[in-house]
Amino acid sequence: MTTSILLCPVCKESLQANESNKSLSCENNHSFDRARQGYLNLLLAHKKKSKNPGDSQEMVIARQAFLNSDFYRPISDSLNQIVVEAALKLSKETLAQPLQVLDIGCGEGYYSQRMHNSLSDHQIEHKLHGLDISKDAVIAAAKRAKAESTLTSKPVQSEWLVASAIDIPLQAHSIDIATCLFTRLMPESYHKVIKQDGYFICVNTGEKHLIELREKLYDKITKVEFDPIKNMGEDFELIDQQQVSYQNTLSSQQQIQDLLLMTPHNWRTKAENKESLSSLEELTVTIDAQIHVFKAKEVIQAQAAIEEESAEEETVEEKPAVKTSSSNPWAKAEAAVEKPAVENTDIEDSVIEQLAEPAEKEEPQNSKPNPWGKS
Ligand SMILES: C[S@@+](CC[C@H](N)C(=O)[O-])C[C@H]1O[C@@H](n2cnc3c(N)ncnc32)[C@H](O)[C@@H]1O
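Structure, rendered in structure tokens:
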């Protein structure tokens with residue numbers, strides 16, 4: 140068995156599995172049992188801001204049904220191609236160690252599992268970790284992995300974790316490739332776990348994404364693209380970007396409702412506005428996804444940038460109202476995203492409250508640059 144890169148969420152010491160791999164513990168005897176479905180819950184109760192943070196079970200079920208129809212498969216295929224290329228480059232550089240891969244905000248595991256299969260198809264030795272704050276999502280992902288292993292008669296080799304992306308319970312600089320799809324970016328947290336020169340690949344929505352659906356829900360559409368480069372800036376260097384753009388037809392009322400349910404438009408839009416969708420049996424929509432490939436800058440370089448930034452800040456007398464801070468992984472995103480319309484997460488209650496206000500038939504301004512927005 141390879142040494143685990145998991146960290147104890149209590150004391151941050153290394154977590155190692157017992158003989159049967161049914162539980163893991165650290166040298167301070169903090170112990171975590173594997174759930175029956177195979178996942179590990181490393182999210183401590185006092186770190187949660189609500190009972191069930193992240194996507195609800197209803198959203199998870201809708202997302203799974205929708206993604207299983209392969210409507211977004213071209214996104215997954217493009218991502219896999221990029222991940223395999225990155226993995227092949229890294230495999231040449233590393234000394235026969237299996238690559239450590241992490242999918243942050245993995246949801247119910249559609250993209251993670253396909254990525255795992257694609258790496259395996261290319262005989263790339265790796266260990267995949269899927270992490271999400273939603274227990275329901277992680278249960279679904281672990282079940283997906285188990286079902287797939289039964290089908291292929293291979294043991295489950297992936298690790299499914301309930302944990303927050305803000306405090307990833309993995310060893311510092313242990314990850315070769317991290318991905319993050321349609322989930323808010325927290326570069327400083329990612330930088331802690333990605334190896335120097337390791338890859339970070341994110342997928343976000345472009346400005347035309349689901350435009351036809353949004354036109355049905357709102358009178359006025361805000362066409363502003365989320366800019367991951369601004370968000371990732373300091374600690375990561377952009378090395379490539381790709382657009383995945385196509386049209387596809389939602390071919391049943393159920394599929395339309397599943398798509399709606401997995402997006403924030405569902406709780407952002409008034410019931411009467413959603414009426415316009417309820418009689419449709421098909422709807423052709425544009426899929427517009429942006430893939431950005433970054434490399435983690437060397438720690439030393441990133442550290443120098445932080446120091447330079449603080450030196451500059453010290454010389455400024457009046458500080459801006461919203462300031463980015465290297466110790467707060469949310470701060471940069473907050474500054475750049477400007478009250479983002481997040482999906483149902485416990486992280487930003489104020490944002491959720493704001494979005495819970497009755498929506499006008501106008502796409503909210505806060506749906507501006509929003510990586511969560513229109514998946
Ligand atoms: C829009 S969904 C995307 C899921 C998946 N990546 C996909 O594209 O199918 C966003 C996911 O991020 C998760 N999430 C929200 N806040 C999180 C956090 N702080 N840490 C980890 N996951 C989080 C949600 O539970 C949800 O599963």
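Residue 514, in our numbering, is where the sequence shown stops; the numbers in between run on with no holes.
Glycine is no exception: its CB is placed at the ideal position from the N, C-alpha and C atoms.
Quantities reported herein were computed from a predicted structural model and do not represent experimental measurements.
The beta strand (DSSP E) enclosing residue i, as first and last residue numbers
i: A317; result: I314 to L320
i: Y385; result: F375 to L389
i: A435; result: L422 to A435
i: K334; result: I333 to T344
i: D242; result: L238 to I243
i: K301; result: In the sequence on display, residue 301 carries Val and not Lys. Run containing V301: E298 to V301, per the beta strand (DSSP E) assignment.
i: L270; result: H265 to D271
i: S208; result: Element bounds for S208: n/a, residue is neither H nor E.
i: L163; result: S162 to S164
beta-carbon residue i near ligand 1 non-hydrogen atom, thresh 7 angstroms
i: F205; result: no
i: S303; result: yes
i: R202; result: yes
i: T344; result: no
i: Y329; result: no
i: I272; result: yes
i: Y357; result: no
i: A226; result: no
i: F94; result: Examination of residue 94 is not possible in this model, given that the chain is present from 140 through 514 alone.
i: D311; result: For clarity, residue 311 is Ala in the given sequence; the question names Asp instead. Answer for A311: no, Cβ out of range of ligand 1.
i: Y250; result: yes
i: A284; result: no
i: G177; result: no
i: A276; result: yes
i: C245; result: yes
i: D194; result: yes
i: L320; result: yes
Residue from the options whose Cα sits closest to the Cα of residue i
i: V337; options: Q176, D366 and V222; result: Reading off the sequence, residue 337 comes out as Gly, not Val. The shortest C-alpha separation from G337 is found at V222.
i: Y178; options: L267, A410 and V424; result: L267
i: P237; options: V332, E421, D315 and R353; result: D315
i: R202; options: P403, K434 and A317; result: P403
i: A108; options: K186, S259 and T388; result: Given a span of 140 to 514 for the chain in the structure shown, any question on residue 108 remains unanswerable.
i: L320; options: Q262, K274 and F365; result: F365
i: K434; options: D374, N405 and I395; result: D374
i: L324; options: P367, S288 and K285; result: P367
i: S390; options: M371, L422 and S189; result: L422
i: G372; options: S159, F339 and T388; result: F339
i: L229; options: V342, K334, E411 and N387; result: K334
i: Y91; options: I305, T361 and H255; result: The question about residue 91 has no answer here: the residues shown for the chain are numbered 140 through 514.
i: A204; options: A284, I395 and E224; result: I395
i: E376; options: H348, Q386, K436 and A311; result: K436
i: S195; options: E411, S257, N167 and W406; result: W406
i: E152; options: P192, H169 and S292; result: H169
i: K187; options: Q393, P148, S215 and E158; result: P148
i: T322; options: V342, Q176 and Q310; result: V342
i: E158; options: Q220, R173, E411 and L398; result: R173
i: Q220; options: A284, I263 and S257; result: S257
i: K190; options: I378, K409 and D275; result: D275
i: I200; options: T408, H348 and D397; result: D397
i: L399; options: L206, A184 and Q386; result: L206
Distance between beta carbons of residue j and residue i, contact taken as under 8 angstroms
i: P326; j: L181; result: The pair is not a contact, with the Cβ atoms about 21 angstroms apart (cut-off 8 angstroms).
i: E346; j: V424; result: With a Cβ gap of about 14 angstroms, E346 and V424 do not count as contacting.
i: V332; j: L241; result: 7 angstroms
i: M198; j: M401; result: 6 angstroms
i: T318; j: I243; result: 7 angstroms
i: E287; j: Q252; result: 6 angstroms
i: Q392; j: E420; result: 6 angstroms
Boundaries (first-last residue) of the alpha helix (DSSP H) holding residue i
i: Y250; result: Y249 to D260
i: F171; result: Run containing F171: none in the alpha helix (DSSP H); it sits in the beta strand (DSSP E), S170 to D172.
i: H404; result: H404 to R407
i: L146; result: That residue, L146, is in no alpha helix (DSSP H); it is neither H nor E in DSSP.
i: S417; result: A410 to S417
i: L183; result: Per DSSP, L183 belongs to no alpha helix (DSSP H) and is neither H nor E.
i: S215; result: R212 to E232
i: L356; result: I350 to L356
i: K369; result: P367 to M371
i: E287; result: K274 to T291
i: Q396; result: Q392 to L400
Taking contact to mean 3 or more Cβ pairs, one atom from each stretch, closer than 8 angstroms, check whether the region 421–433 and the region 373–388 are in contact. yes
Would the region 290–307 and the region 261–275 be scored as touching if the rule is three or more Cβ pairs under 8 angstroms? yes
Check whether the region 405–423 and the region 348–362 touch, using three or more Cβ-Cβ pairs below 8 angstroms as the test. yes
Between the region 206–219 and the region 163–173, do at least 3 Cβ pairs fall closer than 8 angstroms? no
So, does the region 274–292 touch the region 245–259, judging by three or more C-beta pairs under 8 angstroms? yes
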